[in-house]
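Visitor:
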Amino acid sequence: MDTDTGEVEEVRRTSYAFDGPHINVEIRRNRALASAASGLTDREYRVLSWYRYATEEAQGPVMMTGADIAKELGMSADALGRVVRTLKKNRLLVEAGGIGRTTFYRTTPHLAFIGSGYEHREAVKDWNPPELNVREPRDKRRSKKGEDGS
0 MDTDTGEVEE
10 VRRTSYAFDG
20 PHINVEIRRN
30 RALASAASGL
40 TDREYRVLSW
50 YRYATEEAQG
60 PVMMTGADIA
70 KELGMSADAL
80 GRVVRTLKKN
90 RLLVEAGGIG
100 RTTFYRTTPH
110 LAFIGSGYEH
120 REAVKDWNPP
130 ELNVREPRDK
140 RRSKKGEDGS
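Just so you know, we're using numbering that gives the first Met the number 0 here: the sequence shown kicks off at 0 and counts up by one.
#1: According to the Cβ coordinates, are D1 and E9 closer than 8 Å?
#2: Can you check the segment 12-66 for any alpha helix (DSSP H) of at least 4 residues that lies completely inside it and give the ranges in chain order?
#3: Which residue's Cα is closest to the Cα of R120: G5, Q58, A36 and Y52?
#4: Can you pull the DSSP bridge partners for F112?
#5: Which residues mark the beginning and the end of the beta strand (DSSP E) in which V93 is found?
#6: Using only alpha-carbon positions, find the residue among R51, V46 and A35 that is nearest to A111.
#7: Run through the DSSP bridge pairs and tell me what T106 is partnered with.
#8: Roughly how many whole angstroms lie between the Cα atoms of N220 and R90?
#9: Thinking C-beta only, is T101 closer than 8 Å to L54?
#10: Determine the DSSP secondary structure at T85, reduced to helix, strand or coil.
#11: Run the CB neighbour count on E94, radius 10 Å, all protein chains shown included, and call it buried at 16 or more, exposed below.
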């Protein structure tokens, strides 16, 4: 309501709060992966997050080439390939089909899922939970001259 004129403006309402598909995420696992203790680099976590939100289809693969994904993420295809291999090895990304030499991936349903609770429960039965500790966290501090034994 406009307090000066007294006019009432109707607020547009929608039957649902989101415009388009949405996902359910497993909070504890995703928080553990975001922490430094997971050993994921910032780049690895960013790629994982991108895959989490890059599909709008229940359990569907991200149907893009590595070159196109790398371009969107601002990295080389080789760098993306290394990251994808790490995420796949730790069961954070899973293969979801392919065409020719191009393999498509999606995140494990243990991290994110599009669909009903029942469908989600059925989907996780087919996959082992992902590794939450990819590697020992790296010490990103630079050593001062002479501290590293040189």
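Backbone N, C-alpha and C fix where the C-beta goes; we use that ideal spot for every residue, glycine too.
Guide: The short version:
#1: Translated into positions along the sequence shown, residue 1 becomes position 2. Translated into positions along the sequence shown, residue 9 becomes position 10. No, Cβ-Cβ distance for D1 and E9 is not below 8 Å.
#2: Within the segment 12-66, complete alpha helix (DSSP H) segments of at least 4 residues are found at 26-33 and 41-52, given in chain order.
#3: Counting from one through the sequence shown, the residue named residue 120 turns up at place 121. For the residues G5, Q58, A36 and Y52, the minimum Cα distance to R120 belongs to Q58.
#4: In the sequence shown, the residue the question calls residue 112 occupies position 113. DSSP output for F112 lists N23 as bridge partner(s).
#5: Here residue 93 is taken as the residue at index 94 of the sequence shown, counted from 1. L92 to I98 is the extent of the beta strand (DSSP E) around V93.
#6: Mapped onto the sequence shown, residue 111 falls at position 112. Cα-wise, what sits closest to A111 is R51.
#7: Taking the first residue of the sequence shown as 1, we reach residue 106 at position 107. L92.
#8: An answer regarding residue 220 cannot be provided, because it is not within the stretch 0 to 149 covered by the chain.
#9: On the sequence shown, residue 54 is found 55 positions in, with the first residue counted as 1. On the sequence shown, residue 101 is found 102 positions in, with the first residue counted as 1. The displayed chain sequence assigns Thr, not Leu, to residue 54. T54 places its beta carbon 8 Å or farther from that of T101.
#10: Looking up residue 85 in the sequence shown gives position 86. In the three-state DSSP reduction, T85 falls in the helix class (H, G or I).
#11: Your numbering for residue 94 matches position 95 in the sequence shown. With fewer than 16 other Cβ atoms within 10 Å, it is exposed.
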